[in-house]
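Below: one structure, written as structure tokens.
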Amino acid sequence: MSAIERIEDEIVEEFELFDEWTERYQFIIELGQKLNPLDTRYKIDDYRIKGCQSSVWLHAYVSDGKVYFDADSDSTFVKGEIALLIRVLSGRTPDEVLNAPLAFIDKIGLRQHMAVTRANGLASMIKQMKLYALGFHSADAN
Numbered sequence: 001m002s003a004i005e006r007i008e009d010e011i012v013e014e015f016e017l018f019d020e021w022t023e024r025y026q027f028i029i030e031l032g033q034k035l036n037p038l039d040t041r042y043k044i045d046d047y048r049i050k051g052c053q054s055s056v057w058l059h060a061y062v063s064d065g066k067v068y069f070d071a072d073s074d075s076t077f078v079k080g081e082i083a084l085l086i087r088v089l090s091g092r093t094p095d096e097v098l099n100a101p102l103a104f105i106d107k108i109g110l111r112q113h114m115a116v117t118r119a120n121g122l123a124s125m126i127k128q129m130k131l132y133a134l135g136f137h138s139a140d141a142n
């Protein structure tokens, strides 16, 4: 089992502690509140994820061959969503990020409990994280 799969399993186990979706929703908000603040220099349009109804800023960098992400949002729920993605994907190689199944999203019921616009925003966040990883992967290949 990969490190990503282990973290995804941990997340699924955490969410199984909640019986109601409203409790899961609150837990996601709390995760967002614990997210490290994003440096204000990255809260500009160059780092804003397109396709999200809320404002979401994502910064990525590579260190020792691993991709790291920092993010923020003006929505407490979306901030929690990106916190979950960062927990799974940050500190991984570009290949690991690119190949991450992110099965936990459906296992915890996240996608089925959100409006279409929120689902599109989640897809945009995942796409941008994978695009960063692809860029770092391509830079390594050269």
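For the sequence shown, the numbering used here gives the first residue as 1, with consecutive numbering after it.
All residues carry an ideal CB built from backbone N, CA and C; glycine is no exception.
Beta-carbon contacts of residue i that lie in its chain and below 6 Å, excluding the five residues immediately before and after
| i | result |
| --- | --- |
| G80 | I28, I29, L31 and G32 |
| C52 | G121 and S124 |
| W21 | H113 |
Neighbour-count burial assignment, residue i, 16 or more Cβ in a 10 Å radius
| i | result |
| --- | --- |
| E13 | exposed |
| A115 | exposed |
| I108 | buried |
CB of residue i within 9 Å of CB of residue j, strictly
| i | j | result |
| --- | --- | --- |
| P94 | H137 | yes |
Beta-carbon contacts of residue i that lie in its chain and below 7 Å, excluding the five residues immediately before and after
| i | result |
| --- | --- |
| E8 | V88, A103 and F104 |
| I4 | V88, R92, E96 and A100 |
| S73 | S54, S55, V56, K79 and I82 |
| L85 | M125, I126 and M129 |
Alpha-carbon spacing of residue i relative to residue j, whole angstroms
| i | j | result |
| --- | --- | --- |
| R24 | A119 | 16 Å |
| F18 | P37 | 27 Å |
Proximal residues to residue i (C-beta, below 8 Å), its chain only, five neighbours per side dropped
| i | result |
| --- | --- |
| Y68 | A60, Y61, V62, S90 and G91 |
Which runs of the beta strand (DSSP E), 3 residues or longer, sit entirely within the region 65-97?
Within the region 65-97, complete beta strand (DSSP E) segments of at least 3 residues are found at 66-73, given in chain order.
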